[in-house]
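Heads up: the sequence lines are chains E and X, in that order. With the first letter of the first sequence counted as 1, position 287 gets the number 285 in our numbering; the numbers rise by one all the way through. Count along the second sequence starting at 1, add 77, and that's the number in our numbering.
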Amino acid sequence: MATSTIERSKRKTKIQEALVGWGFVSIPMGLFFVLSIGIFFYAIYISTYNWGIMGPRGFLGIENYTKAIHDPIFLKAIRNSILYAALVVPLQTMAGLILALLVNSKIKGSRFFRSSFYFPSVASSAAITTLFIFLMAPEGLFNKILTFFGVDVPNLFNQGAWLSDSRTALFSVIGLNAWTTSGTMMLFYLANLQSIDGSYTEAAIMDGASRRQVFWYITMPLLKPAHFFVVTSGMIGALQLYDQAILAGGADGSPDYSLMTMVLYIYNACFRQFAFGYASAIGVILFIIIFSLTMFQKLIFGNDAWKAND
Amino acid sequence: MKHRLHVGAVLAASILILPFAQAAQAADPVTTISLATWGSSPSETAALKDAVATFEARYPTIKVDLIVDTDHGAQMAAKFASHTPPDVFYLGADVAQDWASQGVLLDLMPSIASTSFSLDAFNKSYLKPFQVGSALYALPKDANPLVLEGNMTLMAKAGIKKLPKTTAEFDAQAKKFLKKKITPMCVDADINRLGAYFVAFGGGIADASGKNSLLKSAGTKAAMNWVMNNYKTGAFRTPAQLSAGWAGEAFGKSKCAYTMEGAWLDPFLKDSFPDVSKVMIKAPLPKAKQAGSLAFTAGYAIGKESAHPAQAWTFISYMTGVRGMTVWTSYGVALPSRSDVVTPLGYGVNGAVAKLATTVTTPAFVGWGKVIDAFNNEAKKQIQDKKFVPAKAAAAVLAAASAAWPA
């Protein structure tokens, strides 16, 4: 009798706990389903219409998609975004890893360096881009440094106009973002580095491994989860480049659409041309590109990249 | 007893007066309308606030909630999409036809027809961007033609006393400036600036209808060749080449002797570069085949879904009427778009250019923004290489803009 009462009470408590748990989870999950999953399907729905500011103006089927793949400016935006991601991701990954290794070593003032390296990531993107525009202007600090080292800036192929020359504008923004994001990547690597059990390294050293061998055969493989996270999140962020592009090149991504990115093109389609259906189609294409690349990365890094070092 | 009588009389009077007071209140409730604008300088926003205050003083039952947007186009699109547009808002002539095609604007003609408001005093070319068939979607709040501004200090350094009257005079002066290592003119490679020379050379951007392209005309080609030649020689330089955000900033920093802007330059210089503001002189743009310029206008429009269209109309009709426009333009940020409002003191040159028959308003059609983007992107690409050939570059820019022109 007493046992069944206790059992019943335990079950009741379990149910109550479950209800409370589901209660807490249901709100964020509901928001997630409506604002993330729901919005995604709504975007697919909108992309099949000629959708203006006030709503649908006619069903188009896949016309917005065929229009996009024949739109030379959109194709340029894809090329720019992919080139940007292909260069900025390895740069920020390498810089983040080197900085993490540096501040993880027992050098003097490592705390100061840690804060200094992370500082560009904390500063607002708009503020840092504005600062960068001043630095890279024809009469800016960067050209002054080049002049100091004997470079004839006015006679350079771009006359020192790094951000207003279509041949150098995108590469300048790549440099900017590799610099500003390397601090965040450093933190991810640092967290992973500090979770690595020191006994692996000690054992390897005792077995006669050199520092280089320890790095390549012990540290690097154990940093796999960080590699996967840094590369994947870096690539997703890179393919969504918008703020630096619009600040440096304006809404039209000038000159020669060299700073037109996929997200900037979505902004143009939405807020300058009021083609919400077309913008949604581009958004869906962007999703497909990001999703495919993420799956590809998962394939390369393997399933165990998700897991932490046990 | 006497006291009680007094109290009774006051109460009785209150009871008698209350219904009338309530009726008066019911007849004149205060309505707040929202006004969304953009602001190019603190002076301009301050001038608008003052002009709005004169409206509120004249119409005490209408209050205006001023919203200065940072990205007017994007913010307005979001408000339209959420069916919560402001009651009144600025409408740029360059996007008016695009916005009208979306069905978000209220046709003002019924309000005009039902009141004594007249369109006769408005310059017809300033009304045109806001007209679609018989509908009118905004009333031009002001106008602003491009004029030539010169820095007398830099002119004196090159031994130049007067602003050039012709393009030939400009060419001769440019050589003198360049000898003294002074950039003669800062002007962006933008169709909304260079288009003024298309008119001066006898061509243009669009014909009188504002829709058909003139980019293939002989005058436009000649102007584009002249412009590109100036970029080649260094007589023209873009703001980016001079490490400035826009031509007015380059002029304010004395990085160029001349620039070509509208009346908005004056308050900007007074706010940011008062010393240069004191040595600035103005003249019409240099003549080629004829004198000519580009003029810009913006209007006051009402959202189709405005909650207070009647009060919004009262506001618009005041601000674009003689009294409101006189107050607004008296601050010198823009010129009147009505012929019966006097040009403010100090803006004689701007006013004279605005009245020229060859001063044309920028085109207005659905897709004009794509033409601007195509022209500007190609122009900047062409001039970035020092070795460019002006005639080839001019042809490439006009071809790119023509290709973007809607069929």
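For each residue, glycine too, the CB sits at the ideal point set by N, CA and C.
Might you give, ordered along the chain, the residues of its own chain that have their beta carbon closer than 6 Å to the beta carbon of Phe299(E), omitting 5 neighbours on each side? Phe226
Can you give the Cα-Cα distance for Ser164(E) and Asp250(E), rounded to whole angstroms? 13 Å
Simplified DSSP state of Pro361(X), which is helix, strand or coil: coil
Does the pairing of the stretch 442 to 455 of chain X with the stretch 239 to 257 of chain E give three or more beta-carbon distances under 8 Å? yes
Round the Cβ separation of Val145(X) and Thr108(X) to the nearest angstrom and send it over; I've been treating them as touching at under 8 Å. Not quite, the Cβ-Cβ distance comes to about 21 Å (not below 8 Å), so this is no contact.
DSSP three-state assignment for Arg314(X), whether helix, strand or coil: strand
Output yes or no for whether 7 Å exceeds the beta carbon distance between Gly339(X) and Leu223(X). yes
Just the Cα atoms here: how many angstroms apart are Glu226(X) and Ile358(X)? 6 Å
Here's a check: name, in chain order, each residue in its chain whose Cβ is nearer than 7 Å to the Cβ of Ser162(E), leaving out the five neighbours to either side. Pro253
For Phe309(E), which option in Gly275(E), Ala93(E), Leu133(E) has the closest C-alpha, if you only look at C-alpha atoms? With chain E running from -1 to 308 in the structure shown, residue 309(E) is simply not present.
Within-7 Å CB hit, Met218(E) to chain X: no
Segment limits, alpha helix (DSSP H) that includes Tyr214(X): No alpha helix (DSSP H) contains Tyr214(X), which DSSP labels as neither H nor E.
Taking the Cβ atom as the reference point for each residue, do Asn221(X) and Ala411(X) lie within a distance shorter than 7 Å? yes
What alpha helix (DSSP H) runs, 4 residues minimum, are completely inside the stretch 157 to 234 of chain X? 170 to 178, 186 to 191, 201 to 204, 229 to 234
Could one say the Cβ of Gln179(X) lies closer than 7 Å to chain E's Cβ atoms, at least one of them? yes
At what residues does the alpha helix (DSSP H) containing Leu161(E) begin and finish? Leu161(E) -> no alpha helix (DSSP H), and no H or E assigned at all.
Top-ranked residue by Cα proximity to Pro70(E), from Thr145(E), Val171(E), Tyr263(E): Tyr263(E)
In three-state terms, what does DSSP make of Arg165(E)? coil
Just curious, the alpha helix (DSSP H) that Gly281(E) is in, first and last residue? 274 to 299
By DSSP, does Gly116(X) sit in helix, in strand, or in coil? coil
When you check each C-beta in the stretch 452 to 468 of chain X against every C-beta of chain E, which residues fall closer than 8 Å? Asn453, Asn454, Glu455, Lys457, Lys458, Gln461, Asp462, Lys463
Tell me Ala283(X)'s beta-bridge partners as DSSP assigns them. Ser290(X)
Taking one C-beta from the stretch 136 to 154 of chain X and one from the stretch 115 to 128 of chain X each time, how about it: are there three or more such pairs within less than 8 Å? yes
Could you spell out the range, first to last residue, of the beta strand (DSSP E) harbouring Pro54(E)? 53 to 57
Does Gly150(X) have its Cβ less than 7 Å from a Cβ in chain E? yes
Does the stretch 166 to 176 of chain X come within contact of the stretch 435 to 446 of chain X, defined as at least 3 CB pairs closer than 8 Å? yes
Contact belief for Glu137(E) with Ser320(X) at Cβ below 8 Å, rounded distance in angstroms: 4 Å
Is it buried or exposed for Thr192(X), if we count other Cβ within 10 angstroms and need 16 for buried? exposed
With a threshold of 8 Å, are at least 3 pairs of Cβ atoms found where one atom belongs to the stretch 409 to 423 of chain X and the other to the stretch 268 to 278 of chain X? no
May I ask you to verify whether the stretch 291 to 298 of chain X touches the stretch 347 to 356 of chain X, counting CB pairs closer than 8 Å and requiring at least 3? no
From Ile172(E) to Val228(E), what does the alpha carbon distance come to, in whole angstroms? 17 Å
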